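Heads up, the thing below is written out as structure tokens.
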Amino acid sequence: MIRALPRLPSGWPFSVWFFVAAIVVFAAQMVPILGIFLMLVLVAFWSVILINLGMIGIVFEVLTGRASRGWIFVPLVYFTGYYAFYAADQATLASLRTLYQQHNAGQALPFDRSKQDLLLVKGEGDLHPSPFTFVQHHGVRRAFSATGRVHFMGNREGCRALRDNDVYRSAGLYAFGFHTPGEVSERRLVKGYCSIYGPGQPDRPVVRVTSDDRATHRLFLPVRIVELQAQDEKSGRSIEIRGGYASPLKPFPMPAMGCGLNSGAPSWDCGASFLRDGFTPILADGERFGSMSRSLAKALGLGNSRNYGATASGPEVVRSVGEAADRELVRKELAILSDILSDPFEEQDGSFDHLPNRPDVVAPYADAIFSALGRLQASDETVSENGRSLWSIAAALPEEALAPHRAQLAAWLRPENARRWTEQVSKIYTRLDISDPSQRDTVLLRLESKRGDLASSLLPPFCRMGGEAPQDAKDRLFALWQRRGAEQAGKERVRKIGDVSLYATLLRMGLRAKLGPVEQHYLGSTFAGIWANVSPQTTADICGETPQGLKKRFVRT
């Protein structure tokens, strides 16, 4: 293959072919379809190897007399020029580091964890301290963001109190695991604690921290300058912490040449540049991928803390935050509901994200809800967001509040009567009583008419009936199973996740002889587990499981 290459002029080094190869590879990437496949093999970084091999090869060929001496200037200019810029970057970084350390040395604003609250405000840019960082690493029991959220740590009982409470979650409280600090490869999930955030405002004197960052250059060095303004709102005292991140050239030349999709334009963009060490902290104590939280904590007099037991909050704090958020959301959404009930034709801003989890709150409004739905039902409206919202609330009504309206509910959900906004709320169909033939027919028609994902939330009542289910329900659900299998066989040749619930329902209804085992790769072990364990004698607790819950429960390894 080497012999097939064209002959180079006399005195030229063979190593120039490495440069030619780099150019050819770069040109190939300019064709979008070909470039996408080349991205899979990291072709943009091939030039790092090819160009450096070419430069080193030229040096070797000149020293061994295989190439003219004049060629030595090519690698000489390459390496000399690169390291001149590298030295300039390092000098600029050292100058910035000294400048900012001297500035920050005189910045101090004592923060009292027991008497003050920390409020973080995001200014310009993207690099901002995280409120939870001060909870996890600096012993602050709670920290606030300007978006109206409080961040704190929960102990085992506190995390459990949130995990088991749908009301708190719909009120905006969320819990997540977190990891130990350090390099990514060394981090471990912290057990027995969780990060929690939810709606909340400071109720003690505030130290407000506003963070801004901007991208710029210092000489040739790209930098992100981060400025943190901390102010004690009670005393008026303020400080400014300066720092940021630089992107100096790497110690060894790494020229990358590649193309990629610019989704903003959109366009297929190509470019060539030397790789840099991004997110190099300007301050010696800066985090590589953080936002100068350690520097700010130092200025506030906050030391490092790993005593999670002293920082974490228990269920009483979770309940306090959750109940306050619940009260506020109930107030807001009841105001929206009252406006809709007074005039269901006047569309309202806002939605019901929380009231469906508070059936006790909406129960007194049952008569008014069905009265408003009746007005919409009798209208010539074709679209009604208010109607959809009212049905979502009606679906959450307690049984005793829904009972007086069941006959009307059953009539309005019949396919010939259902309005478009009614059909958009699948959950209301779960409130039908399938022991009644007409309501059962409505539910079965709903299951049969839905394309794509199966409305598996309608299956639990049939599953609970088990072998006592009416024959028409068994026949129609089995026909649905067959039809879905035929539809999917022509596409991906696999049963979908929704079919897991239907399979378990049919087995509990006693249709094992008709069904047979399901053999496929995707979800195959789940279907096998259901086949081996579900029968009419299986307890009805499986009927309340979601498809994902059944997948976890019956997967066989």
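Under my numbering, the residue at position 474 of the sequence shown is numbered 474, and the numbers go up by one with no gaps. Built from N, CA and C at the ideal position, the CB exists for glycine as well. Quick caveat, the model's predicted, so the values are computed rather than measured.
{"query": "Under the rule that 16 or more other beta-carbon atoms within 10 Å means buried, what is E124, buried or exposed?", "result": "exposed"}
{"query": "Out of curiosity, what's the CA-to-CA distance linking D213 and G11?", "result": "53 angstroms"}
{"query": "Start and end of the beta strand (DSSP E) containing V31?", "result": "Premise fails: V31 is in no beta strand (DSSP E) and is neither H nor E."}
{"query": "Please classify K234: does DSSP put it in a helix, a strand, or coil?", "result": "coil"}
{"query": "Please check the pair I282 and R97, which I expect to be a contact at CB under 8 angstroms, by giving their CB distance rounded to whole angstroms.", "result": "6 angstroms"}
{"query": "Apply the 10 Å Cβ neighbour rule to S389 and answer buried if 16 or more other Cβ atoms are within range, or exposed otherwise.", "result": "buried"}
{"query": "If you compare alpha carbons, which of D269, G516, A407 is closest to A27?", "result": "D269"}
{"query": "To the nearest angstrom, how far is the alpha carbon of R179 from that of Y308?", "result": "Here residue 179 is His; the residue named in the question, Arg, does not match the sequence. Computed Cα separation, rounded: 12 angstroms."}
{"query": "Quick check: what's the CA-CA separation for L454 versus S435?", "result": "21 angstroms"}
{"query": "Distance, Cα to Cα, G243 vs F134?", "result": "18 angstroms"}
{"query": "Is it buried or exposed for M30, if we count other Cβ within 10 angstroms and need 16 for buried?", "result": "exposed"}
{"query": "Kindly indicate which three-state DSSP category H405 falls into: helix, strand or coil?", "result": "helix"}
{"query": "Use the C-beta contact count for E468: other C-beta atoms within 10 angstroms, 16 or more gives buried, fewer gives exposed.", "result": "exposed"}
{"query": "So, helix, strand or coil for R7, using DSSP?", "result": "coil"}
{"query": "Closest by CA to A366, which one among I340, P404, K332, S384?", "result": "P404"}
{"query": "Rounded to whole angstroms, how far is the Cβ of A44 from the Cβ of M257, which I believe are closer than 8 angstroms?", "result": "6 angstroms"}
{"query": "Is it true that the CB of L162 sits closer than 9 angstroms to the CB of Y174?", "result": "yes"}
{"query": "Going straight from the alpha carbon of K514 to that of I33, what length do you get?", "result": "48 angstroms"}
{"query": "Under DSSP, the alpha helix (DSSP H) around Y100 begins and ends at which residues?", "result": "73 to 105"}
{"query": "Using DSSP's beta-bridge definition, name the partner residues of A143.", "result": "L118, H151"}
{"query": "Count the other C-beta atoms from every protein chain shown that fall within 10 angstroms of the C-beta of H151, then say buried if there are 16 or more, exposed otherwise.", "result": "buried"}
{"query": "Out of R69, P255, R187, L219, which has the shortest C-alpha to C-alpha gap to L50?", "result": "P255"}
{"query": "Tell me, please, which residues DSSP counts as bridged to M257.", "result": "A272"}
{"query": "Give, in chain order, every unbroken run of the alpha helix (DSSP H) that is at least 4 residues long and sits entirely within the region 296 to 360.", "result": "308 to 311, 315 to 342"}
{"query": "Run through the region 375 to 451 for me and flag every whole beta strand (DSSP E) of 3 or more residues, listed as ranges in chain order.", "result": "none"}
{"query": "Is there contact here, the region 194 to 203 with the region 223 to 232, by at least three beta-carbon pairs under 8 angstroms?", "result": "no"}
{"query": "Consult DSSP for G125 and reduce its assignment to one of helix, strand or coil.", "result": "coil"}
{"query": "In whole angstroms, what separates the C-alpha of E400 from that of V443?", "result": "21 angstroms"}
{"query": "Mind checking which residues open and close the beta strand (DSSP E) that includes S211?", "result": "206 to 218"}
{"query": "With respect to the alpha helix (DSSP H) encompassing C463, which residues constitute its N-terminal and C-terminal limits?", "result": "460 to 465"}
{"query": "Indicate the three-state DSSP secondary structure (helix, strand or coil) for T280 in the structure shown.", "result": "strand"}
{"query": "Using 9 angstroms as the threshold, is the C-beta distance between A394 and L376 below it?", "result": "no"}
{"query": "Please list the terminal residues of the continuous beta strand (DSSP E) segment that includes I497.", "result": "Neither: I497 is in no beta strand (DSSP E) and is coded neither H nor E."}
{"query": "Three-state secondary structure (DSSP) at N165?", "result": "coil"}
{"query": "So, under 8 angstroms CB-CB, Q90 and P248 are touching, yes? Tell me the CB distance rounded to an integer number of Å.", "result": "6 angstroms"}
{"query": "Could you check how far apart the C-beta atoms of D277 and K250 are, in whole angstroms? I think they sit under 8 angstroms.", "result": "6 angstroms"}
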